[in-house]
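With the sequence shown counted from 1, adding 201 to any position gets you the numbering used here.
Backbone N, C-alpha and C define an ideal beta-carbon position, used for all residues, glycine too.
These numbers were taken from a predicted model, which means no experiment stands behind them.
Shown next, in structure tokens, is the structure this report addresses.
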Amino acid sequence: MKLRVLHRTTYRYQSAVDMAQHMLHLSPRASALQRVLSHRIAIEPEPATMHQSTDAFGNQRRFFAQQAPHDTLSVLADSTVMTAAPRPLPEDAPWRGMTWERVREHFRYRVNAPYEAAAEFLFASPLVERDEAFVQWARPAFATGAPVLQAARALMERIHGELQYDSASTEVSTPPLEALAQGRGVCQDFAHIMIGCLRSLGLPARYVSGYLLTQPPPGQPRLIGADASHAWAAVYVPREDGGDGEWFDFDPTNNRCGWGSPGEDYVTLAIGRDFSDVSPMRGVIQGGAQHTLDVAVTVAPPDELEGRDLDTPTQAMPGATAPPP
């Protein structure tokens with residue numbers, strides 16, 4: 202599926218910002234299921250310096266610095282990708298015998314054990330702690346001897362079925378245990394809750410940021426700028442035969458999962474331990490006082506965007522299936 206993603210971020214400052222430094226995670230990842238056809242980032246005013254690098258998780262990131270006063274900052278990421286449909290969760294060898302307990306034991310610390318990169322996703326991270334409360338909440342999905350992928354799917358379905366999506370219920374910094382206790386949140390919260398449950402059970406889990414193609418209501422045109430960024434979780438499963446394991450993706454917001462992606466209509470942007478590793482834009486400024494922030498996202502087949510006004514943010518699109526994180 203060929204998809205174009207337009208992600209515009211605009212800051213308007215009450216007083217001029219004298220100097221600023223920012224880091225962006227707005228470049229789609231290349232993978233077996235996703236090919237990046239084109240990608241550009243446009244920044245206004247033009248930065249004094251900008252460079253690209255790869256972070257510890259293999260994400261492409263861009264740093265830029267502004268050294269002249271400005272009262273508005275606009276960043277547009279324009280990407281076109283070709284995605285492929287993921288394989289369904291496997292039920293045969295070499296995964297059939299991988300119960301969740303066996304995966305937990307595989308990653309239990311042993312002196313002089315060989316290094317596995319997935320082990321980095323076992324531990325607490327800045328926004329996701331390990332806690333017995335996660336274990337107790339997840340326990341109904343993790344019956345004794347249950348295959349790990351079956352149990353992860355059951356956990357995803359429980360989050361989707363029992364927690365309510367509410368865009369006004371949490372903030373970026375809301376701890377996932379708090380979102381779980383109140384029974385509501387957004388896709389970032391649901392991804393963090395699933396990751397917290399998996400890690401607290403001793404299973405490697407990572408955070409995935411990206412986008413999801415949304416469909417306009419029947420008979421209505423697509424609204425430009427009305428989509429949102431998205432987030433989901435992934436769990437790592439080693440192979441029975443000792444070969445390299447794989448990551449399997451689970452989206453509790455939309456109750457979808459797959460091998461390498463939840464679906465062909467998903468665009469993977471970045472991976473990390475939690476949202477703090479992959480924030481689309483963060484930085485430090487000198488001056489500026491208070492500010493307002495506008496974010497406009499459009500995900501669509503490229504031909505639907507021809508001749509459309511890409512610079513005009515709109516209100517949220519009715520019927521969207523990818524709530525904002």
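In the displayed model, glutamine 215 falls within a strand according to three-state DSSP. In the same chain as serine 326, and ignoring 5 residues on each side of it, the C-beta atoms closer than 6 Å to its own belong to Arg474, Asp475, in chain order.
Boundaries of the beta strand (DSSP E) harbouring valine 498: 492-501, taken from the DSSP string. Taking serine 401 as reference, the option from Asp332, Gly411, Arg241 with the minimal CA-CA separation is Asp332. Taking C-alpha positions only, leucine 494 is separated from alanine 392 by approximately 24 Å. Under the three-state reduction of DSSP output, arginine 303 falls in the helix class. The closest CA to that of leucine 350, considering only Pro439, Ala217, Phe335, is found on Pro439.
By the C-beta density criterion, valine 485 is exposed, having fewer than 16 other C-beta atoms within 10 angstroms.
By the Cβ neighbour-count rule, glycine 259 is exposed, with fewer than 16 other Cβ atoms within 10 Å of its own. In this structure, DSSP gives phenylalanine 343 a state outside helix and strand, which the three-state scheme calls coil. Bridge partners of phenylalanine 451 according to DSSP: Ala434, Cys458.
Counting only residues of its own chain and dropping the five nearest sequence neighbours on each side, serine 462 has a CB closer than 6 Å to the CB of Leu234, Pro287, Asp450. Taking each of Pro422, Thr371, Tyr437 in turn and checking the Cα distance to methionine 299, the smallest one comes out for Tyr437. In this structure the stretch 364-371 does not lie against the stretch 300-315, because fewer than three pairs of beta carbons, one per stretch, are closer than 8 Å. Glutamine 267 has its alpha-carbon roughly 8 Å from the corresponding atom of glutamate 247. In the pairwise beta carbon analysis, the stretch 204-222 is classified as touching the stretch 269-279: at least three pairs are separated by under 8 Å. Here aspartate 452 is near histidine 431, since their CB atoms are less than 9 Å apart. Between methionine 357 and glutamine 222, the alpha-carbon positions lie close to 38 Å from each other. Collapsing the DSSP output to three states places valine 485 in a strand. Between the C-alpha atoms of proline 376 and glycine 397 there is a straight-line separation of about 10 Å. Taken through DSSP and simplified to helix, strand or coil, proline 377 comes out as helix. Counting C-beta pairs closer than 8 Å gives fewer than three between the stretch 456-471 and the stretch 312-330, which falls short of the contact rule. Between proline 405 and leucine 323 a beta carbon distance of about 5 Å is seen, short of the 8 Å cut, so the two are scored as contacting. A direct Cα-to-Cα measurement between serine 477 and leucine 328 gives close to 7 Å. For alanine 471, the enclosing beta strand (DSSP E) stretches over residues 467-473.
By DSSP's assignment, alanine 427 forms a beta bridge with Val498.
Among the bridge pairs identified by DSSP, leucine 204 is matched with Val282.
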